[in-house]
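The working numbering applies: residue 34 is where the sequence shown begins, and numbers increase by one. All residues carry an ideal CB built from backbone N, CA and C; glycine is no exception.
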Amino acid sequence: MKSPSAEKIIVALDVATSKEALRLASLLADEVGLFKIGLQIYTAEGPPLVRSISLLGPKVFLDLKLHDIPNTVAKAVEAAGKLGVRMLTIHLSGGSEMIRAAVSARSNDLLLLGVTVLTSSTDETLAETGITGKTSDQVLRLARLGVANGIDGLVASPHEARMLRAEFGDKIKIVTPGIRPAGSDPGDQKRFATAREAIDAGADYLVIGRPITGASDPKAAARSVAEDLAR
Numbered sequence: 034m035k036s037p038s039a040e041k042i043i044v045a046l047d048v049a050t051s052k053e054a055l056r057l058a059s060l061l062a063d064e065v066g067l068f069k070i071g072l073q074i075y076t077a078e079g080p081p082l083v084r085s086i087s088l089l090g091p092k093v094f095l096d097l098k099l100h101d102i103p104n105t106v107a108k109a110v111e112a113a114g115k116l117g118v119r120m121l122t123i124h125l126s127g128g129s130e131m132i133r134a135a136v137s138a139r140s141n142d143l144l145l146l147g148v149t150v151l152t153s154s155t156d157e158t159l160a161e162t163g164i165t166g167k168t169s170d171q172v173l174r175l176a177r178l179g180v181a182n183g184i185d186g187l188v189a190s191p192h193e194a195r196m197l198r199a200e201f202g203d204k205i206k207i208v209t210p211g212i213r214p215a216g217s218d219p220g221d222q223k224r225f226a227t228a229r230e231a232i233d234a235g236a237d238y239l240v241i242g243r244p245i246t247g248a249s250d251p252k253a254a255a256r257s258v259a260e261d262l263a264r
């Protein structure tokens with residue numbers, strides 16, 4: 034049986050082929066709680082990969098960041114529910130009508146997560162799109178919109194997790210990408226933290242990709258994260 038710490042780990046299968054995704058998932062199935070399937074691999078391999086990953090045991094986090102007209106998003110949420118995924122993302126910037134449509138279409142065992150501001154974004158990125166003010170203000174604005182319209186959880190960087198937990202308490206789940214080991218290369222992440230820092234800030238789940246999947250021993254890397262969280 035997996036430890037509570039291992040169940041908090043979501044491994045991002047950000048790879049190019051089903052063969053590589055299944056190799057990693059088979060290797061890590063006993064070490065983590067969920068696997069994230071994002072746009073790259075879902076576009077390449079589609080629903081059959083979701084079904085194959087699900088057979089290995091851990092649940093699937095389908096990270097498609099849906100953002101479209103309400104009816105289209107609702108139909109996509111319904112389809113994801115039929116696939117049996119545990120988590121699915123929508124962009125909260127789609128507005129209240131879209132959020133409510135998504136919430137009404139989700140199955141009972143699907144956690145619908147609202148994306149606030151991507152961890153690759155900064156104040157300057159937002160300014161380019163006409164949004165003035167701090168990134169943290171926009172995160173909170175969108176989070177309040179999502180919670181008011183029935184979202185189950187939020188995706189936000191470790192830098193905003195403490196603020197969101199203070200604002201909403203245990204009403205929502207917080208899923209945190211942008212996790213990097215201390216001293217490692219952050220890559221394209223601008224707002225990142227270590228796994229321990231993110232959990233201490235209030236995150237329920239951690240999305241970890243390259244620090245595990247790119248390690249020489251992915252199983253050992255996943256176990257190291259879980260052990261660090263258990264301390």
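Problem - Segment contact flag, the region 193-207 with the region 136-143, C-beta cutoff 8 Å, min 3 pairs - result: no
Handout entry: N- and C-terminal bounds of the alpha helix (DSSP H) containing Ile276
Key = Summary: the structure shown does not reach residue 276, with the chain confined to residues 34 through 264, and so no result is reported for it.
Handout entry: Of the listed residues Arg119, Ala45, Gly71, nearest to Lys98 (C-alpha basis)
Key = Nearest of Arg119, Ala45, Gly71 to Lys98, Cα basis: Gly71.
Handout entry: Residue range of the alpha helix (DSSP H) that includes Thr246
Key = 243-246
Practice task
Could you spell out where the alpha helix (DSSP H) holding Val172 opens and where it closes?
Solution key: 168-181
Problem - Burial state of Arg256, where buried means 16 or more other Cβ atoms lie within 10 Å - result: buried
Handout entry: Val136 (DSSP reduced to helix, strand or coil)
Key = Helix, per DSSP.
Exercise for the section: Look at the Cβ atom of Leu175, then the Cβ atom of Ser129, and state whether they are nearer than 8 Å. Expected result: Not a contact, by the Cβ cut-off of 8 Å.
Problem - Short Cβ contact (8 Å threshold) for Tyr238 with Ile43 - result: The beta carbons of Tyr238 and Ile43 sit closer together than 8 Å.
Practice task
Excluding the 5 residues preceding and the 5 following Leu197 in the sequence, name in chain order all residues of the same chain whose CB lies nearer than 8 Å to its CB.
Solution key: Val172, Leu173, Ala176, Leu187, Ala189, Ile205, Ile207, Gly235
Exercise for the section: Using only the heavy atoms of the ligand PLP, determine whether one of them is closer than 7 Å to the beta carbon of Thr246. Expected result: In terms of ligand content, the structure shown is empty, and the ligand PLP therefore cannot be addressed.
Practice task
Under 7 Å Cβ to Cβ from Ser59, same chain only, skipping five residues before and after it: list those, please.
Solution key: Leu89
Handout entry: Residues near Leu82 in its chain [Cβ-Cβ closer than 8 Å; skip 5 each side]
Key = Answer for Leu82: Ser51, Ala54, Leu55, Ile70, Ile74, Tyr75, listed in chain order.
Exercise for the section: Please work out which residues of its chain come closer than 7 Å, Cβ to Cβ, to Ser85, disregarding the five sequence neighbours upstream and downstream, and give them in chain order. Expected result: Hits under 7 Å: Leu55.
Exercise for the section: Look at Phe68 and Val48 and say whether their C-beta atoms are less than 8 Å apart. Expected result: no
Handout entry: Val148 (DSSP reduced to helix, strand or coil)
Key = strand
Practice task
With a threshold of 16 other CB atoms inside 10 Å of the CB of Asp96, please say whether the residue is buried or exposed.
Solution key: Buried, since its Cβ has 16 or more Cβ neighbours within 10 Å.
Practice task
Could you please give me the residues that DSSP links to Thr209 through a beta bridge?
Solution key: Leu239
Practice task
Report yes if the C-beta distance between Thr149 and Leu125 is below 8 Å; otherwise report no.
Solution key: Contact check for Thr149 against Leu125 passes: the beta carbons are separated by less than 8 Å.
Practice task
Measure from the alpha carbon of Ala77 to the alpha carbon of each residue in Gly247, Ser137, Pro91, Leu46, then state which is nearest.
Solution key: Leu46
Problem - Asn104 versus Ala113 - alpha carbon distance - result: 14 Å
Exercise for the section: Out of His100, Asn182, Gly242, Gly211, point me to the one whose CA is closest to Ser21's CA. Expected result: The question about residue 21 has no answer, for the chain in this structure spans 34 to 264.
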